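J.: After the structure tokens below, expect a handful of questions from me.
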Amino acid sequence: MIQKITFMLFVLLFTACTREDKAHEKPTAPVKSHNTPQTKTEPIESLFNLTTITGETIHIDETQGGLVFHEFRDQVVMFVFFGYRCPPCLAEIPALIDLEEQSPKDLTIIGLEVQGLNQSALQNFAQEKGINYHLIEGQAHREFVNYIIQKANWQGSIPFLLAFDKQGVVKVVHVGGLGAEQFHKIYEQLSQ
């Protein structure tokens, strides 16, 4: 019940507080990732520009009912907030690795670490765990974390999943650990 209320609040906040003036923005510029081919165009001005541990930039803007991830248009995006000392978070990692290895072309997984690892330590953590999906250092992107706290009424519990359909609409808001079967089910529902 609480998850449904949180989801409805999240959708309502995104719907009620959508940024309308985007005329000043430049065209979308895909950035090389394991899911999209690299092309070169003009830089993007976005509400949020998140840098992964591999140096890729993910450009994010608010949209009706969710977020648009410019590099991952027409893809399901699973955005997981996690911690390196969080047992349920650590238990999810193998399931996310397996899902990424199956490499659906219309799926992107992004993890944002919120327990304070710096860029170098997060790179080491990713290598140690064999993480094959996008990772972002939370401390360097506190503004985005605060935005999610406000929009989703997130209290900071981890793991915390936001799953977006191919149009960028948030469809799943989940606090707590998930297993491989649950991640697959979410992907299957959102990829249709």
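Start counting the sequence shown at 8; every next residue gets the next number (the numbering used here).
Heads up, the beta-carbon is just placed ideally off N, CA and C, and yes, glycines get one too.
Remember, predicted model here, so these are calculated numbers, not experimental data.
1. Per DSSP, residue 55 is paired with what?
2. Output the distance between the C-alpha atoms of residue 108 and residue 139, rounded to the nearest integer angstrom.
3. Identify, in the order they occur along the chain, each residue of the same chain with its Cβ nearer than 6 angstroms to the Cβ of residue 202, setting aside the five sequence neighbours on each side.
4. Look up residue 60 in the DSSP assignment and say whether it is helix, strand or coil.
5. With a threshold of 6 angstroms on Cβ separation, who are the neighbours of residue 176 within its own chain once the five nearest residues in sequence on each side are excluded?
6. Using the DSSP secondary-structure output, state which residues sit across from residue 118 in a beta bridge.
7. Quick one: is residue 81 buried, meaning 16 or more other Cβ sit within 10 Å of its Cβ, or exposed?
8. Please determine, among 57, 52 and 53, the residue with the shortest C-alpha to C-alpha distance to residue 147.
9. By a C-beta neighbour count over all protein chains shown, 10 Å radius and 16 as the cutoff for buried, is residue 199 buried or exposed?
10. Would you mind working out which of 62, 143 and 118 sits nearest residue 170, comparing C-alpha positions?
11. Closer than 6 angstroms by C-beta to residue 179: which residues in its own chain qualify, once you throw out the five before and the five after it? Chain order, please.
12. Please check the pair residue 144 and residue 60, which I expect to be a contact at CB under 8 angstroms, by giving their CB distance rounded to whole angstroms.
13. How many angstroms separate the CA atom of residue 126 from the CA atom of residue 132?
14. Can you tell me where the beta strand (DSSP E) with residue 181 in it begins and where it stops?
15. Of the choices 122, 64 and 195, whose alpha-carbon is the least far from that of residue 88?
16. For residue 169, which three-state DSSP category applies?
17. Just list the residues that DSSP pairs residue 76 with in beta bridges.
18. Do residue 152 and residue 167 come within 7 angstroms of each other at the CB atom, strictly closer than that value?
T.: This is what the structure holds:
1. 67
2. So the two alpha carbons sit approximately 8 angstroms from each other.
3. Because the chain is modelled from 8 through 199, residue 202 falls outside the range shown and cannot be assessed.
4. coil
5. 72 and 73
6. DSSP, once it has assigned bridges, lists 87 and 142 as partnering residue 118.
7. Exposed, because fewer than 16 other Cβ atoms sit within 10 Å of the Cβ of residue 81.
8. 57
9. exposed
10. 118
11. 170 and 193
12. 7 angstroms
13. Our two residues, residue 126 and residue 132, have alpha carbons roughly 10 angstroms apart in a direct line.
14. 177–182
15. 122
16. strand
17. 67
18. no
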